[in-house]
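Taken in sequence, the protein lines are chains C and H.
To convert, count from 1 in the first sequence and add 265; that's our numbering.
To convert, count from 1 in the second sequence and add 405; that's our numbering.
Glycine included, every Cβ here is placed at the ideal spot set by N, Cα and C.
Written below as structure tokens is the structure these notes are about.
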Amino acid sequence: MHKHKLLMHTPSFLRILLVLALLFIFASSPFVVKSYESIGEDSFSSAIDRAEGVVVSAYRVVLEAERVGADISGLADQLSVAAGLLVQAHFQYEAGNFSGAVYFAGQCYGIGEGVETEAYGLRDRAAVDGVQRFWLMIMAWVISLVVIICGGFFGWRIFKRRYHRKILRLKPEVSSSES
Amino acid sequence: MNLDDYRTLFVAVSLVLILVSTVPVISVVMPRNAEPFFALGVLGENMMAEQYYPDDDPNIRNGSLVRWHVGVYNHMGSIQYVAVRVKLLNSTLPSPNSSSCVPSIVPAFFEFRRVLVKNETWWFPFYWSISETDHQGDVITITELIVNNVTLKLDVRAVSGFNFRMVFELWVHDEATGNFEFTWESTQKSSCVWNQIWFNVTLPK
């Protein structure tokens with residue numbers, strides 16, 4: 266009975282085996298590997314693109330911060346490090362070392378993001394400081410103008426009065442012209 | 406001196422003081438417009454314009470280490486994101502064009518990048534050696550270079566190994582396009598800068 270049951274199931278068992286074998290062949294075929302590689306390559310390449318984008322956007326914010334008068338030398342140094350890592354990522358990618366490329370791109374992304382955040386803060390602070398500095402300078406300028414003009418006006422009046430007094434105090438000398 | 410002379414003196418001194426106090430305000434409102442430019446230079450082993458080749462011999466052998474130093478100066482008045490792209494050319498491959506600011510069509514095999522602050526000069530070493538050449542008939546092909554300890558595959562050939570050249574192009578990040586460009590705007594005109602050093606390749610006997 267048992268033997269008969271086994272025989273009855275043999276064709277379906279073989280079919281399952283055949284399907285499994287086919288699945289195994291397809292799963293291990295170079296083209297599955299190839300498609301995996303192409304998906305991998307794309308994601309590695311987009312990791313580099315993301316890092317590139319972060320460096321560029323951080324650079325833009327640093328540029329804005331510099332325009333409003335912030336001291337950006339430290340941020341520029343950090344961005345240079347990020348740019349160097351980006352170049353390394355490109356080299357690794359072109360050499361086929363995709364994990365290396367992702368590693369350098371990730372490092373670059375981290376630094377770029379940090380710089381961007383810091384640059385936003387620096388830019389906003391520098392903008393406020395810049396406006397304050399500007400108005401302080403304008404006020405100092407107006408005050409200095411008032412001091413110069415008023416000082417000149419009153420100084421001149423005082424000087425004129427003293428000058429007249431000095432002239433009036435002078436004793437006229439009578440000289441004879443008998444000759 | 407009479408009173409009129411003194412009045413003239415008073416007015417003159419007041420005007421000078423007003424002018425002096427106005428200078429800082431003018432300098433903030435109307436910043437100085439200097440001619441913006443970049444400079445790119447390549448120096449030899451000792452950071453001088455000499456000793457560009459080992460033993461001063463421009464005929465480079467496989468494995469000979471060539472030590473150059475590349476410098477970029479930023480006089481653009483603001484920070485700049487720059488890239489120096491290095492290309493290997495022979496005498497027939499097209500050079501960059503300085504008048505039309507078109508880069509060489511040959512792809513770069515190496516690149517350096519940096520964000521330069523205002524008036525910064527950036528020097529970096531460019532140490533290279535030929536690690537592999539191919540010789541077919543009279544033609545020598547450079548197939549592998551080592552630059553700053555990075556091995557690179559290349560394929561540039563020259564008859565008898567004469568007149569290879571290393572070309573350095575300065576690319577500047579353009580805010581408008583979001584890409585690196587081989588040109589920058591300098592007082593209403595486009596400018597660019599590149600440099601090249603010639604050398605020959607000799608095969609080991």
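Leaving out five residues before and five after residue i in sequence, what residues of the same chain have Cβ atoms less than 7 Å from its Cβ?
i	result
phenylalanine 369(C)	Leu350, Gln353, Ala354, Gln357
threonine 538(H)	Asn467, Ile545, Thr546, Ile547, Thr548, Val606, Leu608
isoleucine 551(H)	Trp533, Ser534, Ser536
leucine 344(C)	Val320, Ala323, Tyr324, Val327, Val380
phenylalanine 309(C)	Tyr358, Phe363, Ala366, Val367
alanine 391(C)	Ala330, Val333, Gly334, Ala335
glutamate 317(C)	Leu351
glutamine 372(C)	Leu350
alanine 348(C)	Val320
leucine 543(H)	Looking at the sequence itself, residue 543(H) is aspartate, so the reference to leucine does not match. Cβ within range, chain order: Val564, Ser565.
arginine 388(C)	Val326, Glu329, Ala330, Val333, Ala335
8 Å is my cut-off, CB to CB: does residue i come that close to chain H?
i	result
tyrosine 374(C)	no
isoleucine 413(C)	yes
arginine 390(C)	no
glutamate 331(C)	yes
leucine 435(C)	no
tyrosine 428(C)	yes
serine 440(C)	no
lysine 379(C)	Just to set this straight, residue 379(C) is glycine in the shown sequence, not lysine. It does not; no Cβ of chain H falls within 8 Å.
phenylalanine 419(C)	no
isoleucine 337(C)	yes
serine 345(C)	yes
lysine 431(C)	no
leucine 328(C)	yes
Would you call residue i buried or exposed, if buried means 16 or more other Cβ atoms sit within 10 Å of its Cβ?
i	result
tryptophan 533(H)	buried
leucine 431(H)	The displayed chain sequence assigns isoleucine, not leucine, to residue 431(H). Exposed, by the Cβ-count rule.
lysine 436(C)	exposed
histidine 540(H)	exposed
glutamine 374(H)	Residue 374(H) falls outside the range modelled here, since chain H spans only 406 to 610, and no answer is possible.
alanine 286(C)	exposed
tryptophan 589(H)	buried
phenylalanine 517(H)	buried
valine 396(C)	exposed
valine 564(H)	exposed
Could one say the Cβ of residue i lies closer than 8 Å to chain C's Cβ atoms, at least one of them?
i	result
leucine 575(H)	no
glutamate 549(H)	no
valine 507(H)	no
phenylalanine 531(H)	no
histidine 614(H)	Coverage of chain H is limited to positions 406 through 610, which leaves residue 614(H) absent and any answer about it impossible.
phenylalanine 415(H)	yes
leucine 408(H)	yes
Leaving out the 5 sequence neighbours to the left and right, which residues in its chain are closer than 8 Å to residue i when beta-carbon positions are compared?
i	result
serine 591(H)	Glu440, Pro441, Phe442
proline 501(H)	Val507, Pro508, Ser509, Val572, Glu574, Phe587, Cys597, Trp599
arginine 398(C)	Gly334
With a CB to CB cut of under 6 Å and the five nearest residues on each side skipped, what residues in its chain are close to residue i?
i	result
leucine 445(H)	Val477, Leu575, Val598, Asn600
For the ligand ATP, is there a heavy atom less than 7 Å away from the beta-carbon of residue i?
i	result
tyrosine 385(C)	Absent from the structure shown: the ligand ATP. Ligands present: none.
Exercise. What residues in the region 465-493 of chain H have a beta carbon less than 7 Å from any beta carbon of chain A?
Worked result: Among the protein chains in the structure shown, which are C and H, there is no chain A.
For this session: Answer yes if the region 469-479 of chain H comes into contact with the region 502-515 of chain H, meaning at least three C-beta pairs across the two stretches below 8 Å, and no otherwise.
Result: no
Problem set entry | Against chain C: residues of the region 419-437 of chain H by CB proximity under 8 Å | Contact annotation: in the region 419-437 of chain H, residues whose CB is within less than 8 Å of a CB in chain C are Ser419, Leu422, Ile423, Ser426, Thr427, Pro429, Val430, Val433.
Problem set entry | Cβ-based contacts, 8 Å cut-off: residues of the region 397-410 of chain C near chain H | Phe399, Met402, Ile403, Trp406, Ser409, Leu410
Exercise. Given a limit of 9 Å on CB to CB distance, which residues of the region 511-529 of chain H reach chain C?
Worked result: Phe515, Glu516, Phe517, Arg518, Arg519, Val520, Leu521, Val522, Lys523, Glu525, Trp527
Exercise. Taking Cβ-Cβ distances below 8 Å as the criterion, which residues of the region 348-377 of chain C are in contact with chain H?
Worked result: Ala348, Gly349, Leu351, Val352, His355, Phe356
Exercise. Between the region 551-574 of chain H and chain C, which residues of the former have a C-beta closer than 7 Å to a C-beta of the latter?
Worked result: Val555
Exercise. Can we say the region 409-425 of chain H touches the region 414-421 of chain C, given the rule of at least three CB pairs closer than 8 Å?
Worked result: yes
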